[in-house]
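Residue numbers (full-length UniProt numbering): 1 to 176.
Think of the CB as a built atom: it goes at the ideal place given N, C-alpha and C, for glycine as much as any other residue.
Owing to the predicted nature of the structure, the values given are computational and were not obtained by experimental measurement.
Here's the structure we're looking at; comments come further down.
Here it is, written out as structure tokens:
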């Protein structure tokens with residue numbers, strides 16, 4: 001069996017870190033990791049949460065959700081008022097609904113912006129394309145285009161003749 005070249009993941013014994021700088025650094029890193037885990041727990045399970053820490057330099061740190069008063073009251077009065085719990089739950093639900101609505105509106109705004117951009121680009125290319133494409137026609141294409149215009153002119157004259165014959169003759173005031 002081959003020996004590993006690195007030490008890999010090992011269990012680190014929990015003993016006091018003697019060097020002050022190392023201890024402060026480790027505390028800071030572990031505190032941020034603890035906050036991150038607490039945030040995940042709150043987001044995934046929708047719980048009230050509170051952490052109060054004192055650093056090696058005797059600084060106080062706190063992480064609470066929703067507020068420190070709610071956490072302390074809940075801890076001190078284990079039999080909290082049912083009405084307060086209902087109000088807190090309704091507030092959470094309302095915030096969740098508003099966040100969902102905001103996310104939906106943000107998505108709609110992005111779709112509308114994309115459509116407007118696409119439409120403006122399409123209009124620009126359409127305006128350019130009409131006349132630029134005529135400039136690039138060869139002789140055969142020009143003849144086909146001329147024939148198409150002639151057929152269109154004949155069809156329009158026929159429609160005009162049918163419309164004028166089916167209606168009454170225009171009055172003398174029609175030219176005005």
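Own chain residues within Cβ distance below 8 Å of residue i, not counting five before or after
i	result
residue 27	55 and 56
residue 30	none
Opposing strand residues paired with residue i [DSSP bridges]
i	result
residue 61	53
Contact check, residue i vs residue j, beta carbons under 8 Å
i	j	result
residue 68	residue 62	yes
residue 145	residue 156	no
residue 70	residue 51	no
Contacting residues, own chain, Cβ-Cβ under 6 Å from residue i (five flanking each side not counted)
i	result
residue 147	none
residue 23	17 and 56
7 Å Cβ shell around residue i - same chain, five flanking residues per side excluded
i	result
residue 111	none
Residue i CB to nearest heavy atom of the ligand SAH below 7 Å
i	result
residue 62	Annotation note on the ligand SAH: not contained in the displayed structure, which lists no ligands.
Practice problem: Could you tell me whether the stretch 37 to 54 touches the stretch 12 to 25, using the rule of 3 or more Cβ pairs below 8 Å? | Solution: no
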